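> The structure under discussion is supplied below as structure tokens; questions concerning it will follow.
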Ligand SMILES: NC(=O)c1ccc[n+]([C@@H]2O[C@H](COP(=O)([O-])OP(=O)(O)OC[C@H]3O[C@@H](n4cnc5c(N)ncnc54)[C@H](OP(=O)(O)O)[C@@H]3O)[C@@H](O)[C@H]2O)c1
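In the UniProt record's numbering, the protein residues as written are 1 to 349.
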């Protein structure tokens, strides 16, 4: 960057007022923590993607504790405009994203510290991060596309890990993680089953992604939707379920996974009532299913995803539902909270 560095930034901080109808975020101007420490970088943010968790946190529903009045958002893409004098492997001008769990760099760390919950998030025009928490982004993607990689992208990547061409996956819902997973699944030659609350959404997606069949299941109209999946797989079940519902759907997900298959537990979008889990243990045992927790991914996972996206030249324009201006955070959060999106909402800065 030429010229003086910024001294302040604009950031959206939570109000922590969970009363319906009140503002959930407030735009603040605050000093940047400068000068940079030797291993820190300063990033000018160009786009921030929103995730269900942002709306959930802003409305007081996060299943993990959050710091008071924190900055929202965990999915940012931007450009490095200054580096500390001991930064390695990164330079001014690099297109980068911070990882979303700052204690998940290599995958070996025992802790957890998620942006926007345990520490400030990224819905701001400038960010300061340690170099080890930064991954480079694919060169061919614009900022809007790039911003969905760290959270939705890395989560989908981790959830599908281990599947190979010709195997089958049930993807639940048509939200951000689900649609990213659908793109990766098509690029990887997987047989795709998609469950949704809406036939119209399933039809739209089938028309939008015609290169291979997508088998739809409506989990709202068909309470025994796992039987529908079993029927569509000749009674065998899918190799992997990308589980988005949580307690309300996990048992059914296990029941429509093939014996010895995998359920990747990603989300908790349904009603989290433990009484729905009564049959969980016998179902897991019966089907010899591996239920694995997905915690987005490490920096290495994000780098692997970026490499895959670069190699395939995938872009994500077709799963970006809406782009908002930075000033429209409140409006974007409400849209997300009402679950009106198909795919991703992104704020450009
Ligand atoms: N573990 C992790 O690392 C990680 C990372 C990112 C996100 N997450 C979690 O993963 C979930 C999805 O996140 P997202 O950002 O993709 O959310 P999102 O974009 O808000 O997705 C919402 C969509 O999911 C579908 N859905 C709603 N309730 C459902 C249910 N009970 N069962 C199945 N699908 C349901 C709906 O699609 P239809 O109307 O088509 O059904 C809805 O439009 C959230 O719980 C989020 O907190 C976890």
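Idealized CB from N, CA, C, for every residue including glycine.
For clarity, every value in this text was computed on a predicted model and none was experimentally measured.
Is the separation between the beta-carbon of residue 128 and that of residue 33 shorter than 8 angstroms?
Numbered from its first residue, the chain shown carries residue 128 at position 128. Numbered from its first residue, the chain shown carries residue 33 at position 33. A contact, by the Cβ cut-off of 8 angstroms.
> Which first and last residues belong to the alpha helix (DSSP H) in which residue 206 is found?
As a working note, residue 206 is residue 206 in the chain shown. Taken as a continuous stretch (DSSP letters only), the alpha helix (DSSP H) holding residue 206 covers 199-208.
> May I ask you to list the residues that DSSP assigns as paired with residue 30?
Along the chain shown, read from residue 1 onward, the residue named residue 30 stands at position 30. 9.
> For a test of the three-state rule: what should DSSP assign to residue 287, helix, strand or coil?
Translated into positions along the chain shown, residue 287 becomes position 287. Helix.
> Within this structure, are the beta carbons of residue 284 and residue 266 separated by less than 8 angstroms?
Working through the chain shown from its first residue, we reach residue 284 at position 284. Working through the chain shown from its first residue, we reach residue 266 at position 266. No, the Cβ-Cβ distance between residue 284 and residue 266 is not below 8 angstroms.
> On the DSSP letters alone, give me the boundaries of the beta strand (DSSP E) that residue 136 sits inside.
The residue labelled residue 136 in the question sits at position 136 within the chain shown. Unbroken beta strand (DSSP E) run through residue 136: 134-136.
> Tell me the DSSP secondary structure of residue 265 in three-state form.
Along the chain shown, one-based indexing puts residue 265 at 265. It is a strand residue.
> So within the segment 30-87, which uninterrupted alpha helix (DSSP H) runs reach at least 4 residues, ignoring any that extend past its ends?
Entirely contained in the segment 30-87, the alpha helix (DSSP H) runs reaching 4 residues are, in chain order, 52-58.
> So, for residue 218: in the same chain, excluding its five sequence neighbours on each side, which residues have a beta-carbon less than 6 angstroms away from its beta-carbon?
For this step, residue 218 is matched to residue 218 along the chain shown. Here the set comprises 199.
> Nearest-angstrom Cα distance between residue 344 and residue 329?
Start at 1 with the first residue of the chain shown, and residue 344 comes out as number 344. Start at 1 with the first residue of the chain shown, and residue 329 comes out as number 329. Spanning the two alpha carbons is a distance of roughly 14 angstroms.
> Once the 5 residues before and after residue 92 are set aside, which same chain residues still bring their CB inside 8 angstroms of it?
Your numbering for residue 92 matches position 92 in the chain shown. Once the five neighbours on either side are set aside, the close Cβ partners of residue 92 are 1, 80, 81, 82 and 83.
> At which residues does the alpha helix (DSSP H) containing residue 231 begin and terminate?
On the chain shown, residue 231 is found 231 positions in, with the first residue counted as 1. Its alpha helix (DSSP H) spans residues 225-232.
> Kindly list the residues whose CB is nearer than 8 angstroms to the CB of residue 147, restricted to its own chain and excluding five residues on each side of it in sequence; keep chain order.
Residue 147 sits at position 147 when you count from the first residue of the chain shown. Here the set comprises 46, 47, 48, 49, 75, 76, 77, 97 and 346.
> DSSP puts residue 114 in a beta bridge; with which residues?
For this step, residue 114 is matched to residue 114 along the chain shown. DSSP output for residue 114 lists 101 as bridge partner(s).
> DSSP on residue 172, reduced to helix/strand/coil?
As a working note, residue 172 is residue 172 in the chain shown. Here residue 172 sits in strand by DSSP.
> Rounding to the nearest angstrom, what Cα-Cα distance links residue 249 and residue 87 in this structure?
For the purposes of this step, residue 249 is identified with residue 249 of the chain shown, where counting begins at 1. For the purposes of this step, residue 87 is identified with residue 87 of the chain shown, where counting begins at 1. Near 45 angstroms, if we compare the C-alpha coordinates of residue 87 and residue 249.
> Exposed or buried, what is residue 113 when buried is set at 16 or more other beta-carbons lying within 10 Å of its beta-carbon?
Numbered from its first residue, the chain shown carries residue 113 at position 113. Exposed, since its Cβ has fewer than 16 Cβ neighbours within 10 Å.
> Taking 7 angstroms as the cut-off, does the CB of residue 137 come closer than this to any heavy atom belonging to ligand 1?
The sequence position of residue 137 within the chain shown is 137, counting from 1. Every heavy atom of ligand 1 is 7 angstroms or more from the Cβ of residue 137, so no.
> Any contact between the segment 136-145 and the segment 155-173? By contact I mean 3 or more CB pairs, one from each, below 8 angstroms.
The answer is no - the segment 155-173 does not touch the segment 136-145, with fewer than three Cβ pairs under 8 angstroms.
> Output yes or no for whether 8 angstroms exceeds the beta carbon distance between residue 54 and residue 269.
Stepping through the chain shown from its first residue, residue 54 is reached at position 54. Stepping through the chain shown from its first residue, residue 269 is reached at position 269. For residue 54 and residue 269, no; Cβs fall outside 8 angstroms.
> Does the segment 307-321 touch the segment 5-19, meaning 3 or more C-beta pairs lie closer than 8 angstroms?
The answer is no - the segment 307-321 does not touch the segment 5-19, with fewer than three Cβ pairs under 8 angstroms.
> For residue 295, which three-state DSSP category applies?
For the purposes of this step, residue 295 is taken as residue 295 along the chain shown, with counting starting at 1. Here residue 295 sits in coil by DSSP.
> Looking at residue 241 and residue 170, is the spacing between their C-beta atoms short of 8 angstroms?
Against the chain shown, residue 170 aligns to sequence position 170. Against the chain shown, residue 241 aligns to sequence position 241. The answer is yes: Cβ separation under 8 angstroms.
> Where DSSP assigns a beta bridge to residue 218, which residues make up the other side?
For the purposes of this step, residue 218 is identified with residue 218 of the chain shown, where counting begins at 1. Answer is 196.
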